[in-house]
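Residue numbers (our numbering): 5 to 660. Just so it is clear, CB atoms sit at the ideal spot from N, CA and C, and this is done for glycine as well. This one's a predicted model, so the numbers in the text were calculated from it and none came from an experiment.
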Amino acid sequence: MRWIFRIVGALVLVAVLAIAALFVIPAERIAALAGDQFERATGRSMTISGDVRPSIWPTLGVRAEGVVIGNPAWVEDGPLLQAEVMHVGIGASALWGGRVQVQRFELVDAQIVLVRGEDGAVSWDFSGGEEVEAVNGDGGSGGSGLENFSLDIAEITNGALFYRDSVAETELRISDVDMVLTLPSAEGRATLEGGAVMNGAAINIDGVIDGVGPLLEGDLRPVVLTARWTGGEAGFDGRVGLVPLGVEGTIALDATDLDPVMALAGQPALELPRGLGRDRIAMNAAVTLASEGSTHLREASIVLDDNRLTGDVDILPGDDRPMIRARLQGGALDLTGLSEDGAEAEGGAGATGWSRDPIDVSGLFGADADVALVLAGLDLGMATLDAVDIRATLQAGRLVTELREVAGYGGTIGGQFIVNGRGGLSMRSDLRLSDVQLAPLLTQFAGYERLEGTGSGTIDLLLVGNSMQALMHSVSGSGSLDFGQGAILGLDIWGMIRNLDTSYQGEGSRTVYDSLAASFTVADGVLSNEVFAMESAVGRVSGSGTVGLGARVLDYTIIPEVLAGEASGIRVPLRISGAWSDPNFSIDLEALAEAELQEQIDALEEQATGALQEAASEALGTDVETVEDLEDALEDRLREEAETQLMRLFGGGSGN
5 MRWIFRIVGA LVLVAVLAIA ALFVIPAERI AALAGDQFER ATGRSMTISG
55 DVRPSIWPTL GVRAEGVVIG NPAWVEDGPL LQAEVMHVGI GASALWGGRV
105 QVQRFELVDA QIVLVRGEDG AVSWDFSGGE EVEAVNGDGG SGGSGLENFS
155 LDIAEITNGA LFYRDSVAET ELRISDVDMV LTLPSAEGRA TLEGGAVMNG
205 AAINIDGVID GVGPLLEGDL RPVVLTARWT GGEAGFDGRV GLVPLGVEGT
255 IALDATDLDP VMALAGQPAL ELPRGLGRDR IAMNAAVTLA SEGSTHLREA
305 SIVLDDNRLT GDVDILPGDD RPMIRARLQG GALDLTGLSE DGAEAEGGAG
355 ATGWSRDPID VSGLFGADAD VALVLAGLDL GMATLDAVDI RATLQAGRLV
405 TELREVAGYG GTIGGQFIVN GRGGLSMRSD LRLSDVQLAP LLTQFAGYER
455 LEGTGSGTID LLLVGNSMQA LMHSVSGSGS LDFGQGAILG LDIWGMIRNL
505 DTSYQGEGSR TVYDSLAASF TVADGVLSNE VFAMESAVGR VSGSGTVGLG
555 ARVLDYTIIP EVLAGEASGI RVPLRISGAW SDPNFSIDLE ALAEAELQEQ
605 IDALEEQATG ALQEAASEAL GTDVETVEDL EDALEDRLRE EAETQLMRLF
655 GGGSGN
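Below you can see the structure in the form of structure tokens.
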């Protein structure tokens, strides 16, 4: 702000010069002298291309047209100030020194250009000029230069501001600026009131500064600011210091559109998901802005759409992006917007397949973060959790969520969930489930609603792709499940076996089981299961096959065996195939035929073996029940026959 008053002080000298020369010097000469005096005071050029008309009523002053104040030579964006009309009105005391009272300072159709260069230099640095004695009466270099200065009213009408920061690579354009500033005394209260248009949105600003002079000296001074725009308002009530920059006080924000605020901060518009402030952001907090640029919020109350959080937040500057550290608590949060506003979850349950809409991961690169979160509940669209204690770290687009203590689906869940936006989207889950309910878990994660049960398991999966369709076709990993009592819905296995009819619908159309255990592997979106065992009071079931997570299809064969009732001993392979939303059930006749053929072969082999054993027993004169018995009997008979022949041979020889 000091540069503004330095320019004003130099322009007061111009007005004094013009008034003093009112009747003796031509207007062109006044313009030239004014330019020389301004350059001596500020180190910048000033040209007046239009009329210069001194006035004595209603105020002493000068009205100049076509005023241009130059920027440093390294600035290529234009002069610091261009104004169609500049009017400076002063108190009569300015003619002979002492206190300077600027009764009116007015700019009409003014264009202001402020630039920060790549080396950090700023275009509004006026250190190259001489001290302005008319503003600082003692001519010294100390102080704010406002001890003997007052400004009844300063007004900008239809102004525009362009700000470019070459270090941060940001630009800010403000148009339709209409502002009024009053400064009765340096020690008193300065007021600011007006409006402007930023990025097409109108914003109105009201402010009060208690002691501009001490503020410019480096003191912390009371400041109250309020900004209103279509779609929100923000306020600050506290103390501000400029050298070094420091802020302490309370802030309040309630907005449905933050674009004007982001434009004022030189940042791009935010693209927030639903549940994290897309429709509304509100906040009340004690704020401290430290001299190194860090921001600290204490006892913050934050509203993000329909979600509410409380806690402490620290925002630290960084080379590439800010760092956010937070410790927050809240009730049940709805974050279904993180999964494309819940569209994937809804599309995943339909018959048309997974959504092919691209998933935008740019938000993962907006900041780094370290957040501890304790919630009464959390709905992520593809997962609904109860009490939650998690730790989330975000670094350069990679979000790691550690599940410290999470209750969900009637049990507990632990492990990690990773979302990585570097080079495209990938997701990794390494989860441990304990006593969870199978039906809601599979319904949310895979849109499958046909299994009931409670148990435990492990899931280690990796997904890669920029849409839900690509993610589900890429799934790889492994897992295991071990469940207690439950049921398979829409399928009466034992009724189908008893009736040899896959269309059989028993009461409730379900298969109840006492235990179910399975392990699986996944590759390219296809789940393969080789180990499946289900036990019930009626029978047991084994099975194997594949589940197409990407294609949403089944190709699975189960082999139930009835252990009770009239159908005891029956084993009928049952094939489940087609879309998992409407699967087909059929008796696997080929497998059944192969099983019956094998039984017949086994029976024939048994019959043949029995006949052989009987014939061998009769021929050998001993009982033969097994092949080993037959081999032993033959060996014994051969040995006995050999001994008999030898005895005959040797016995017959001695007789002759």
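Hey, out of 446, 227, 491, 214, whose CA is closest to residue 513's CA?
Position 509 of the sequence shown, counted from the first residue, corresponds to residue 513. Of 446, 227, 491, 214, the residue nearest in Cα terms is 491.
I'd like the ranges of any beta strand (DSSP E) spanning at least 3 consecutive residues and lying wholly in the stretch 265 to 300.
You should have 285 to 293.
To which residues does DSSP link residue 560 through a beta bridge?
Taking the first residue of the sequence shown as 1, we reach residue 560 at position 556. Answer is 549, 580.
Among residues of its own chain, excluding the 5 on either side of residue 560, which ones have a beta-carbon nearer than 8 Å to its beta-carbon?
Here residue 560 refers to the residue found at position 556 when the sequence shown is read from its first residue. Cβ within range, chain order: 533, 547, 548, 549, 550, 551, 579, 580, 581.
How far does the alpha helix (DSSP H) with residue 218 in it reach, from first residue to last?
For this step, residue 218 is matched to residue 214 along the sequence shown. It spans 216 to 221 - the alpha helix (DSSP H) in which residue 218 sits, taken as one unbroken run.
Terminal residues of the continuous alpha helix (DSSP H) containing residue 396?
The residue given as residue 396 occupies position 392 in the sequence shown. Here residue 396 belongs to no alpha helix (DSSP H); instead the beta strand (DSSP E) covers 392 to 399.
Thinking C-beta only, is residue 262 closer than 8 Å to residue 341?
Locating residue 341 in the sequence shown gives position 337, counting from the first residue. Locating residue 262 in the sequence shown gives position 258, counting from the first residue. Contact: no.
Check the DSSP bridge columns for residue 438 and list the partner residues they point to.
If you number the sequence shown from 1, residue 438 lands on position 434. Residue 438 is bridged to 416.
Going straight from the alpha carbon of residue 175 to that of residue 119, what length do you get?
For this step, residue 175 is matched to residue 171 along the sequence shown. For this step, residue 119 is matched to residue 115 along the sequence shown. For residue 175 and residue 119, the distance between alpha carbons rounds to 9 Å.
Closer than 6 Å by C-beta to residue 116: which residues in its own chain qualify, once you throw out the five before and the five after it? Chain order, please.
Numbered from its first residue, the sequence shown carries residue 116 at position 112. 85, 165, listed in sequence order.
For the beta strand (DSSP E) holding residue 485, just list the boundary residues, first then last.
Translated into positions along the sequence shown, residue 485 becomes position 481. Run containing residue 485: 480 to 493, per the beta strand (DSSP E) assignment.
What is the rounded straight-line gap between the Cα of residue 3 and the Cα of residue 260?
Beyond the ends of the chain as shown, which are 5 and 660, falls residue 3; an answer cannot be given.
Within the continuous alpha helix (DSSP H) that includes residue 474, where are the two ends?
The sequence position of residue 474 within the sequence shown is 470, counting from 1. Start and end: 472 to 477.
Report the CB separation of residue 400 from residue 372 in whole angstroms; it is logged as a contact under 8 Å.
Here residue 400 refers to the residue found at position 396 of the sequence shown. Here residue 372 refers to the residue found at position 368 of the sequence shown. The Cβ separation is near 7 Å, so the contact holds.
Is residue 310 buried or exposed, if buried means 16 or more other CB atoms sit within 10 Å of its CB?
The residue you call residue 310 lines up with position 306 of the sequence shown. Exposed, since its Cβ has fewer than 16 Cβ neighbours within 10 Å.
Less than 6 Å between C-beta atoms, sequence neighbours within five positions excluded: which residues of the same chain meet that for residue 302?
To locate residue 302, count along the sequence shown from 1; it is residue 298. Closer than 6 Å at Cβ, skipping near neighbours: 290, 316.
Run through DSSP, which three-state label would residue 367 get?
Working through the sequence shown from its first residue, we reach residue 367 at position 363. Three-state DSSP puts residue 367 in a helix.
Would you give the residue range spanned by the beta strand (DSSP E) that residue 226 belongs to?
Against the sequence shown, residue 226 aligns to sequence position 222. Segment 225 to 233, the beta strand (DSSP E) holding residue 226.
Tell me whether the stretch 362 to 369 and the stretch 383 to 392 touch, counting them as touching only if at least three CB pairs, one residue from each stretch, are closer than 8 Å.
No: fewer than three Cβ pairs fall under 8 Å.
Quick check: residue 464 and residue 521, are their CB atoms within less than 8 Å of each other?
If you number the sequence shown from 1, residue 464 lands on position 460. If you number the sequence shown from 1, residue 521 lands on position 517. No, these two residues do not count as a Cβ contact at 8 Å.
Thinking just about the alpha-carbon of each residue, which of 232, 446, 480, 112 is nearest to the one in residue 180?
As a working mapping, residue 180 is identified with position 176 in the sequence shown. Answer by Cα proximity: 112.
At which residues does the beta strand (DSSP E) containing residue 590 begin and terminate?
Against the sequence shown, residue 590 aligns to sequence position 586. Segment 588 to 591, the beta strand (DSSP E) holding residue 590.
Our contact map puts residue 252 next to residue 215 with C-beta atoms below 8 Å; I'd like the distance itself, whole angstroms only.
Taking the first residue of the sequence shown as 1, we reach residue 252 at position 248. Taking the first residue of the sequence shown as 1, we reach residue 215 at position 211. About 16 Å separates the two Cβ atoms, so there is no contact after all.
How would you write the range of the beta strand (DSSP E) that residue 250 sits in, first residue to last?
For this step, residue 250 is matched to residue 246 along the sequence shown. Segment 249 to 259, the beta strand (DSSP E) holding residue 250.
Under 8 Å between the Cβ atoms of residue 2 and residue 566?
Lying before the first or after the last residue shown, residue 2 is absent from the chain, which here runs from 5 to 660.
Which of the three DSSP states is assigned to residue 349 in this structure?
Translated into the one-based positions of the sequence shown, residue 349 becomes position 345. At residue 349 the pLDDT is 37, less than 50, meaning the model places this residue with poor confidence; the figure from the coordinates comes in the next sentence. Looking at residue 349 - three-state DSSP - the assignment turns out to be helix.
Which residue marks the beginning of the beta strand (DSSP E) containing residue 381, and which one marks its end?
As a first step, residue 381 is located in the sequence shown; it is residue number 377 there, counting from the start. Per DSSP, residue 381 belongs to the beta strand (DSSP E) from 372 to 383.
Determine which residues share a DSSP beta bridge with residue 433 and list them.
The residue given as residue 433 occupies position 429 in the sequence shown. According to DSSP, which records beta bridges pairwise, residue 433 is partnered with 421, 465.
May I have the straight-line CA-CA distance separating residue 66 from residue 91, to the nearest angstrom?
The count along the sequence shown starts at 1 and reaches residue 66 at position 62. The count along the sequence shown starts at 1 and reaches residue 91 at position 87. Using only the alpha carbons, I get a separation of about 6 Å.
Starting from residue 515, follow the beta strand (DSSP E) in both directions and report where the run begins and ends.
The residue you call residue 515 lines up with position 511 of the sequence shown. Note, residue 515: beta strand (DSSP E), 514 to 517.
Under three-state DSSP, which class holds residue 555?
On the sequence shown, position 551 is the one that residue 555 refers to. In the structure shown, residue 555 sits in coil (DSSP, three-state: anything other than H, G, I, E or B).
Assign residue 444 to one of three DSSP states: helix, strand, or coil.
For the purposes of this step, residue 444 is taken as the residue at position 440 of the sequence shown. In this structure, residue 444 counts as helix in the three-state DSSP scheme.
Spell out the partners DSSP gives residue 575 in its beta bridges.
Taking the first residue of the sequence shown as position 1, residue 575 is located at position 571. The partner list for residue 575 (beta bridge, DSSP) reads 565.
Thinking C-beta only, is residue 483 closer than 8 Å to residue 461?
The count along the sequence shown starts at 1 and reaches residue 461 at position 457. The count along the sequence shown starts at 1 and reaches residue 483 at position 479. Yes, the Cβ-Cβ distance between residue 461 and residue 483 is below 8 Å.
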